[in-house]
Each structure stands twice: as structure tokens, then as C-alpha cells.
Amino acid sequence: MSAASSPLDWAGRCTQQAESCAELGSPLYGRLLSLLATEVAQTGPTWEVIAPRAELRFGQAGPLRLLGAAHRLALSGAAPSWARVLPSCGGQVPSRDGELISAWSELVRTHGQELSEGLDCEVQTNEVARAAGLALGLASTAFSSARLVELGCSAGLNLRLDQFCIDLASTADSEGVSSSSKLLGDPGSTVRLSPELRTAAPHPLGQLPRITERIGIDPHPLDATTEQGRLQLLGFVWPDQLQRIERCKAAIEIASHVPALLIQTALMQSADSLGPGGLEQTATRPAVALPDTAELLESLLADNQPTVIQQSIVWQYIPPELRWRITAVIEAAGRRATPEAPLAWVRFEPDEWDRRRAAVWLRTWPTGSDSLVAQVDYHGRWIAPQQAISTR
């Protein structure tokens, strides 16, 4: 056994993930993972669950895979005792650590094999709240209409961002109703995003382009309109974050009647470091040949129609060589862009100046300008639009 797959290494992974979860608003996972770190270091029952898959890389988010498998068991009704401690299942988190770890230990005793097999399931967190930052980028393009293409789309929920109501009002009227001039998307949507504004929204805000086509690209796209896909997606939402869960459910419902084409491509990820918030998408390479991501994107962009490419927390999971090729494909398409057939690239990725937050950058062609649209929270809890747009 290598040091990178030892109980002590996995205990360290649990500790780091605990800190990340606590910082991102999940005290349940913060506590539970801290408790599991101690047990794993002592080679307790949880280590026996992990050991057959201990060679998972750090960047494959093993602790989140494990807890996601546990959450799915509870959501499906297969683990009622564990469900009783999860708010997402109508349960209540025990106030005492001993009660929490006791409930976990019972789950391990009764469902250890399923938990171990769950470590094979890649994390698929399609964070809907990131749509606020992405939408601000889309509105900043000033395109009247466009095809929307998403890299690393997961279940493609954010391909439907124009169907969400995104409230960027810094003030409200006397009845608490936000100004319509600060709304993006569908005012009547069941998915309503109201991030805390750290700076004022741009004025005028602009409008989202009319989406003519929705295409998602992912090495392992997830069909959230099926029961299995829905359970997998909801299982990776942290169970004490009920607002995120309800938002995800509402977005899944929208996806069921707003079609999008999700295309599976060859495996993109090879990163060995965990991203902010522990959010990642990994997959096992399928037996059948799949299209190369860069080549597929090149073929999609060959028809020179108005297009917006978007991505959120995916770049770090793509090998550098493929990142360069994707960038080259997009830049080549940009050189062919015209005012009648423009191209835009919206990137919601870690802020290179402060990786505790993300940044939304917008590059548009035919000008080729690259602008900082906003600084944002990884889970969309706050957004800081940039009034004085920074370009590079």
C-alpha cells in the first residue's frame, strides 16, 4: 500500500474535506468528516469500506463519494436509520457526536458493501446557484440570440439558466419586490436565485440572449430526468443544505420539459488535486470509443453561428494538453467570428488572485476582449459584479 492510499492519508483527506464543507455551509458534513477522520486513522470499520478503493486519487474526492453514497441510500429508502439524522430526509442531526457516529456505524454495518461500491461513483454536483454568475456573463455579451454550449455540463441543469429567475436587485420596493430591471431570466420561475450582492449590479443590466439550442459536453453526462440520475444528483447535494436541495429539484423539473443535447466525450480529467469545495466530475473510461472533446467542439463551432460557450469549475479537471487544444479551437472560431455571428466564452473558475472565491470572465469575438464580469462564491451565495470592468 502506498503512502497516498494509507489510512493516515485518507484521514487527512477527510479532515481537509471537513474544513471545506464547514466553510461552505455544511456543519453536518464538517462534523461527520472530522469524526470519520479519527476512525479512519485508527483503521476502524469505515476504513474497511474505503480500503478496496483506497487507490483513488486525492482529486477524485473520495470522502464526498462516500457521503454521497450514504445520502443516496437514505433518499432511496434503503437506509431509514441513516435518514433519521439527515434533514433532507426529514430527519434531525444529533447534537452529540456520539449519536452521530453511532448512526454512521450502523449504516456501515448494514450497508458497507454498497458504500464501498459507491466510491466508484464520480461526484456530479450540478450547482444551480452558479447560474447567477454565468447569467451575468451571458447578459454582458449583449447578444440578441445564441446557441449555448457548456463544457463539463454534468446533468446540464445550468444549460437552462434562462428558465431561472435571477434577482440581482440591490434594493427592493416597500413590499420587498425586486425591481424588474435587475432580474434576468423568467420572473415566474420555480428556481429563484437571489445571491447577496457585494457590489451593485451593472446598470443597465442587459438581458439574456434568446437561447436557440442547448448542448452539453461531459465525459459522463447525467440524465437527471431518470430516477437513478435524480438520486445520484441529489445524493451529492449536502443533506443539511435544504435550500440547495429544493433548488436542485426545481431545476430538474425544468430540465424535464426544456430539452438539451448532452454529448459524452472521452475522459477529460487527470487532476491530482481537489478543487475548491471538493467539487469535481470524474469518470471511468468507457469501453466504446468516444469523441474527443476538442474535436467535438471544433465541429460544433464550424458552422459559425452566434454561440456562447460556458463552463463552471471544470477547467482544473481537464489535462493541460487538452485545455490548450480546447482554447486553440475556441480562439480559431473567434477569428472567424463576425458581428452577425459573434462568439463568447464565459468562465466561472477559481479566482487566480484569491482561490477562496471564483471569478467570472467573459471573452468575446470578433474583438477578442477578455473582461472580469464578477467575483463570486463557489456555491453562488454571493456575487460581486465589477462595475469598472477589468480587461486583459
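Residue numbers (the UniProt record's numbering): 1 to 392. Yeah, the Cβ is synthetic: ideal placement off N, Cα and C, and Gly gets one too.
Query, Result
"Reduced DSSP secondary structure (H/G/I, E/B, other) of V93", "coil"
"For I166, the first and last residue of its enclosing beta strand (DSSP E)", "C165 to D167"
"Nearest to C89 (by Cα), restricted to the options G98, S95, R96 and A78", "A78"
"Residue nearest to P209 in terms of C-alpha spacing, selected from H379, A135 and R363", "A135"
"Cutoff 6 Å; reference Y29; Cβ partners in own chain excluding five residues on either side", "C21 and W238"
"At least three beta-carbon pairs within less than 8 Å, the region 379 to 386 to the region 121 to 129", "yes"
"Range covered by the alpha helix (DSSP H) that runs through A344", "Per DSSP, A344 belongs to no alpha helix (DSSP H); it is in the beta strand (DSSP E), L343 to P350."
"Euclidean distance between Cα positions of L290 and A266", "5 Å"
"Separation of Q241 from L24, as counted between CA atoms", "10 Å"
"Opposing strand residues paired with V314 [DSSP bridges]", "In the DSSP output, where bridge partners are listed per residue, V314 has none listed."
"Alpha-carbon spacing of A337 relative to L119, whole angstroms", "44 Å"
"Touch test, the region 348 to 364 against the region 309 to 329, Cβ-Cβ under 8 Å, three pairs minimum", "yes"
"Option in Q311, A341 and E340 with minimal Cα separation from T327", "Q311"
"Span of the beta strand (DSSP E) around A358", "A358 to W365"
"Simplified DSSP assignment, three categories, for Q305", "coil"
"Backbone secondary structure at D162 - three-state DSSP", "helix"
"First and last residue of the uninterrupted alpha helix (DSSP H) at L75", "G62 to S76"
"N-terminal and C-terminal residue of the beta strand (DSSP E) that D218 is part of", "R210 to D218"
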